[in-house]
Structures are given as structure tokens and as C-alpha cells.
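Student:
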Amino acid sequence: MKTGMLAADAAYDAVIAGREGDVLTAYEEAYKTSWVYKELKIVRNAKPLLTKFGTMIGGAVGMFDLWVNHLTGGFSFFGTMKHHKTDAASTELASKHKPIAYPKPDGKLSFDKLSSVFISNTNHAEDQPAHLKLLDPSVPINVNLPKYGEPARLYCPAGVYEVLRNEDGSNPRFQINAQNCVHCKTCDIKDPSQNIVWTTPEGAGGPNYPNM
Ligand code: SF4
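Read in order, the letters of the sequence shown correspond to residues 16 to 227 in our numbering.
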């Protein structure tokens, strides 16, 4: 949110000053002098360390790294570690994993996806062009489903993507409930076939958290 606000401020200032070409430079400067940059720099190795050493050792080393970073204002014995694959390329075949049987939401501490979408006040004008598009509509069922179990139906926090079937389990079909999208952009990043294109919706549609 903070980086979005910085980007909006930089764009506004550049337009008012008639220097639209300077938006990216102004934005980068504003970002690098903001508190969000300092906070993100301190935790920059947290996920790469988990990936490299696993949850237990990576978690312990990550805590130590975070502490050193915090005390020194950004120094790390590991420098700045890199991810070597994109999130999309890191998706493993479904055949290498067992399905997880999650307990049903109890409505007190855990909730189903659509109840949570309702609380986010998400809305998009019904007559606007779809903001979620597939480069190739056949990929979800012909590629993603057999290879990866079509992960979009699992990682999307808003239940936007569904694989519908007949009662006997035949005829799988991919359905996109774009109206529910809470704009996390996970699908744009994580789809293993990089087949989902997320575009900015019209007219400030999307989630609306009035108490934030
Ligand atoms: S952006 Fe997030 S909420 Fe929207 S469809 Fe993609 S994964 Fe779902």
C-alpha cells in the first residue's frame, strides 16, 4: 500500500509539473528514502534462507540474519540472496504431492473464502471488460489440470477460479468468477503456464476496506 501511495504521489507531482517522463526516477527516490524500503531491506533474505536451508534451519538462520540486519542498518553475512527461479517455475507436479485435507471452516476462527470476500466489499462494475484473461483458454484443463491439479483453484484467496464437472466427475470446465477478485495478483505471478493476464479493472473496482 505504501509503495502504491508513493507511486501515486510521484505520478501526480510529475503531471502537475509537466514532467511525466520523470515519474519513475521520482518514484524510485521516494521509495528508497521511505520507511518501507528500510523494513523490506532488513527482511530481504528471509524467504531465500527458508528456500535454501528448509523451515527449521532456514527459520533460525533467518532470525539471526534479521537481527544482524536490524542492528547494523542493513548488513547481512549473506549479502542479498537471490531466488533462482520464478514462483511460476517453482510449481511442482501434482504427482509429487498428496492432496491436503483441510478441516472445514468453523465460522468462528476459520472462514470459507466467499465469506471473507464478502467482508472485503469487493465489487466490479458488471458491464466492464473482463480484467482476468487467458492467453489460451484450453491451457487450464488440458495442461494445468493434468500436470499441476490446476493450482489456481487453490491459491486464489477469493475462489475466482473453479474447475466445474458433471455429477459423475466428467467434462471438467474452467470458470473464472472475476467479480470476486481481490487484486492480490497471485494468479499473474504463480500460474505455472503463465497463461493468466491480470489487467487493471475499470473505475476503481475491487476490494474496499472502509475501516483501514
Ligand atoms: S488477483 Fe488474486 S484474487 Fe484476483 S483472481 Fe488472481 S489470485 Fe484471485
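A virtual CB, placed ideally from N, CA and C, is assigned to each residue, including glycine.
#1: Whose CA, out of Thr215, Arg168, Pro144, lies closest to the CA of Asp206?
#2: Pop quiz: Cys196 and Leu147 are said to be a contact at Cβ under 8 Å. What is the actual Cβ separation, rounded to whole angstroms?
#3: Name the two residues that bound the continuous alpha helix (DSSP H) containing Arg168.
#4: Determine the direct distance from the alpha carbon of Tyr27 to that of Leu86, and round the result to whole angstroms.
#5: Could you name the residues that DSSP lists as bridge partners for Asn138?
#6: In angstroms, rounded to a whole number, what distance separates the CA positions of Ser131 and Thr201?
#7: Any residues whose CB sits closer than 5 Å to a heavy atom of the ligand SF4? List them in chain order?
#8: Check the C-beta distance from Ala193 over to Val175 and give it rounded, since I have them as a contact under 8 Å.
#9: Going by beta carbon distance, what residues of the same chain come within less than 6 Å of Ala109, once the five residues before and after it are set aside?
#10: Does DSSP classify Tyr27 as helix, strand or coil?
#11: According to DSSP, is Val197 part of a helix, a strand, or is it coil?
Tutor: Taking the coordinates as given:
#1: Numbered from its first residue, the sequence shown carries residue 206 at position 191. Per the Cα distances, Arg168.
#2: Position 181 of the sequence shown, counted from the first residue, corresponds to residue 196. Position 132 of the sequence shown, counted from the first residue, corresponds to residue 147. Rounded, the Cβ-Cβ distance is 6 Å, consistent with contact.
#3: As a working note, residue 168 is residue 153 in the sequence shown. First-last of the alpha helix (DSSP H) with Arg168: 167-170.
#4: Here residue 86 refers to the residue found at position 71 of the sequence shown. Here residue 27 refers to the residue found at position 12 of the sequence shown. If you take the alpha carbons of Leu86 and Tyr27, they lie about 36 Å apart.
#5: Locating residue 138 in the sequence shown gives position 123, counting from the first residue. Partner(s): Gly221.
#6: As a working note, residue 131 is residue 116 in the sequence shown. As a working note, residue 201 is residue 186 in the sequence shown. About 17 Å.
#7: Cys171, Ala173, Val175, Cys196, Val197, Cys199, Lys200, Thr201, Cys202
#8: As a working mapping, residue 193 is identified with position 178 in the sequence shown. As a working mapping, residue 175 is identified with position 160 in the sequence shown. At roughly 6 Å, the Cβ-Cβ gap stays under 8 Å, so Ala193 and Val175 are in contact.
#9: Taking the first residue of the sequence shown as 1, we reach residue 109 at position 94. Once the five neighbours on either side are set aside, the close Cβ partners of Ala109 are Tyr163, Gly164.
#10: Translated into positions along the sequence shown, residue 27 becomes position 12. Note: Tyr27 maps to helix in three-state DSSP.
#11: Sequence index remark: in the sequence shown, residue 197 carries index 182 (1-based). Of the three classes helix, strand and coil, the one that applies to Val197 here is coil, per DSSP.
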